[in-house]
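**Q**
2 protein chains.
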Amino acid sequence: MLNYLWQSMQLDSFFPYRLAVASEAFSRNLTDVYERELGLSREEWRLLFLLANAKSMTSLDLAHRSTLDKVQVSRAAKRLDEKGLIVREISDEDRRIRVYRCTPEGVRQFQHLEPKVQERANRMLDAMSPEDREALEKGISALMKVAKTN
Amino acid sequence: MLNYLWQSMQLDSFFPYRLAVASEAFSRNLTDVYERELGLSREEWRLLFLLANAKSMTSLDLAHRSTLDKVQVSRAAKRLDEKGLIVREISDEDRRIRVYRCTPEGVRQFQHLEPKVQERANRMLDAMSPEDREALEKGISALMKVAKTN
DNA sequence: TCAGCATGGTTTCATCTGCAACGATTTGTT
DNA sequence: AACAAATCGTTGCAGATGAAACCATGCTGA
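These protein sequence lines map, in sequence, to chains R and E. For the first sequence, this note's numbering gives the first residue as 1289, with consecutive numbering after it. For the second sequence, this note's numbering gives the first residue as 1289, with consecutive numbering after it.
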């Protein structure tokens, strides 16, 4: 059986839009939580997530692991700093580089919020059959390999 | 075997980000084409796509079939109008409603560009195994049902 | 009829975003 | 050492975006 992606021109031309819509909808469901409770954007939450699970990270680590570009990291980190959730310091080894750490308050807020975000994600994923979840994970992994921003 | 989505906390917490990244990367590959060649945004291309394959559509049809909201439709249509690719008229039956049509120039440009966009999409999809493509399609369809912006 | 209410489309405003420029720092080359 | 090139982080700016306000039109019920 040939993949039905190819049966109609309409389907695959529209696929990227459906993908974007699904992605946006999923994200939106989660941002609800930390947007409402802490006033954090997606990017800010992402950095907080990474930093809460590490003692410290450099800007390079952050940019790489968050898949945000340097401007996004800079702006999100600035706002987290202003909110007192992280601190930014200049690296001793290379004064161009910043080192970021969670403040105790940042850790506390993260630990408070993380289960709630998790619960939201689970609520959606639980509503899918295991088969569908597996397909989703598999499909997205494959797509990521292929759609790399060359 | 339990779905490995659940094996690590990290993985599913990051799933929405991976989804967003994959979605963005895929889209970017396609926007390249009509962005560079015609200066069209994603939304504009989407409307042009729908209109090129129909004699005319009302704003309601467009909003529904494009999954754009009314503001996005209004702005994209305005720009397409300014570029001479479509025309907007007031409906005779209901003067609140707009009726959109492609101009001959719009049709021409679309027919010129569409194969190139298609080719880009195919290039990525061809790089995936049929099995992966099927999984992707299946997973996204399931996700869309679940993640509806309620 | 006409007074409300609903609907469609546009505009406004405040914010976000991407890109390019910039200053500071480091690295590489001679 | 000294200059050029590369790297990192920030900022300025111009365009995009989302939410709400707004205006015009249509509908409904007294």
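Glycine residues also receive a C-beta, built at the ideal position from the N, C-alpha and C atoms. Since we're looking at a predicted model, the values are computed, not measured.
Taking the alpha helix (DSSP H) that glutamate 1331 of chain E belongs to, which residues open and close that run?
**A** Position 43 of the second sequence, counted from the start, is the residue given in the question as residue 1331 of chain E. Note, glutamate 1331 of chain E: alpha helix (DSSP H), 1330 to 1340.
**Q** Answer yes or no: do valine 1395 of chain R and threonine 1346 of chain R have a C-beta to C-beta separation smaller than 9 Å?
**A** Start at 1 with the first residue of the first sequence, and residue 1395 of chain R comes out as number 107. Start at 1 with the first residue of the first sequence, and residue 1346 of chain R comes out as number 58. Going by C-beta atoms, valine 1395 of chain R is not nearer than 9 Å to threonine 1346 of chain R.
**Q** Secondary structure at glutamate 1402 of chain R, three-state DSSP: helix, strand or coil?
**A** Taking the first sequence and counting its residues from 1, the one referred to as residue 1402 of chain R is at position 114. If DSSP states are grouped into helix, strand and coil, glutamate 1402 of chain R belongs with the helices.
**Q** Can you list, in chain order, the residues of the segment 1377 to 1399 of chain E whose Cβ is nearer than 7 Å to any Cβ on chain R?
**A** none
**Q** Apart from the five residues just before and just after arginine 1334 of chain E, which ones in its own chain have a Cβ nearer than 6 Å to its Cβ?
**A** For this step, residue 1334 of chain E is matched to residue 46 along the second sequence. Answer for arginine 1334 of chain E: Ser1354, listed in chain order.
**Q** With a cut-off of 9 Å, does the C-beta of arginine 1421 of chain E fall near any C-beta of chain R?
**A** Locating residue 1421 of chain E in the second sequence gives position 133, where the first residue counts as 1. Yes - at least one Cβ of chain R is within 9 Å of the one on arginine 1421 of chain E.
**Q** Would glutamate 1402 of chain E and alanine 1364 of chain E be called neighbours here (beta carbons separated by less than 9 Å)?
**A** In the second sequence, counting from the first residue as 1, residue 1402 of chain E sits at position 114. In the second sequence, counting from the first residue as 1, residue 1364 of chain E sits at position 76. No, Cβ-Cβ distance for glutamate 1402 of chain E and alanine 1364 of chain E is not below 9 Å.
**Q** Under 9 Å between beta-carbons, which chain E residues line up against methionine 1416 of chain R? List them in chain order, please.
**A** As a position in the first sequence, residue 1416 of chain R is number 128, starting the count at 1. Contacts between methionine 1416 of chain R and chain E, judged by CB atoms closer than 9 Å, involve Gly1427, Ala1430, Leu1431, Lys1433, Val1434 in chain order.
**Q** Quick one: Cα of glutamine 1397 of chain E to Cα of leucine 1348 of chain E, how far?
**A** The count along the second sequence starts at 1 and reaches residue 1397 of chain E at position 109. The count along the second sequence starts at 1 and reaches residue 1348 of chain E at position 60. If you take the alpha carbons of glutamine 1397 of chain E and leucine 1348 of chain E, they lie about 24 Å apart.
**Q** Give the DSSP-derived three-state secondary structure of methionine 1345 of chain R in the structure shown.
**A** Stepping through the first sequence from its first residue, residue 1345 of chain R is reached at position 57. Correct three-state label for methionine 1345 of chain R: strand.
**Q** Suppose the cutoff is 6 Å on Cβ atoms and the five residues either side in sequence are ignored; what does the same chain contact list for leucine 1328 of chain R look like?
**A** For the purposes of this step, residue 1328 of chain R is taken as residue 40 along the first sequence, with counting starting at 1. If we look at leucine 1328 of chain R and ignore the five residues flanking it on each side, its Cβ neighbours are Tyr1322.
**Q** In chain R, which residues lie with their C-beta within 8 Å of the C-beta of methionine 1345 of chain E?
**A** Here residue 1345 of chain E is taken as the residue at index 57 of the second sequence, counted from 1. In chain order: nothing, as chain R lies at least about 15 Å away.
**Q** Would leucine 1326 of chain E pass as an interface residue toward chain R - the criterion being a Cβ-Cβ separation below 9 Å?
**A** For the purposes of this step, residue 1326 of chain E is taken as residue 38 along the second sequence, with counting starting at 1. Cβ-Cβ to chain R under 9 Å: no for leucine 1326 of chain E.
**Q** For the candidate residues E:Ser1344, E:Leu1368, E:Asp1420, whose alpha-carbon lies nearest to that of glutamate 1331 of chain E?
**A** Within the second sequence, the letter at position 43 stands for residue 1331 of chain E. For the residues E:Ser1344, E:Leu1368, E:Asp1420, the minimum Cα distance to glutamate 1331 of chain E belongs to E:Leu1368.
**Q** With a CB to CB cut of under 8 Å and the five nearest residues on each side skipped, what residues in its chain are close to phenylalanine 1337 of chain E?
**A** Reading the second sequence from its first residue, position 49 is the one you call residue 1337 of chain E. Excluding residues within five positions, the ones whose Cβ falls inside 8 Å are Phe1398, Glu1402.
**Q** What separation, rounded to the nearest whole angstrom, lies between the Cα atoms of lysine 1371 of chain E and arginine 1324 of chain E?
**A** Position 83 of the second sequence holds residue 1371 of chain E. Position 36 of the second sequence holds residue 1324 of chain E. Rounded to the nearest angstrom, the gap between the Cα atoms of lysine 1371 of chain E and arginine 1324 of chain E is 15 Å.
**Q** Spell out whether any CB of chain R is found under 9 Å from the CB atom of arginine 1306 of chain E.
**A** Sequence index remark: in the second sequence, residue 1306 of chain E carries index 18 (1-based). Chain R places a beta carbon closer than 9 Å to that of arginine 1306 of chain E, counting this residue as a contact.
**Q** Alpha carbon to alpha carbon, how far is asparagine 1410 of chain E from lysine 1343 of chain R?
**A** Translated into positions along the second sequence, residue 1410 of chain E becomes position 122. Translated into positions along the first sequence, residue 1343 of chain R becomes position 55. Distance between the alpha carbons of asparagine 1410 of chain E and lysine 1343 of chain R: 44 Å.
**Q** Near glutamine 1360 of chain E, which residues of its chain fall below 6 Å by C-beta distance, leaving aside the five closest residues on each side in sequence?
**A** As a working note, residue 1360 of chain E is residue 72 in the second sequence. Around glutamine 1360 of chain E: Glu1331.
**Q** Please report the straight-line C-alpha distance between glutamine 1406 of chain R and methionine 1416 of chain R, rounded to a whole angstrom.
**A** Taking the first sequence and counting its residues from 1, one reaches residue 1406 of chain R at position 118. Taking the first sequence and counting its residues from 1, one reaches residue 1416 of chain R at position 128. So the alpha carbons of these two residues sit roughly 16 Å apart.
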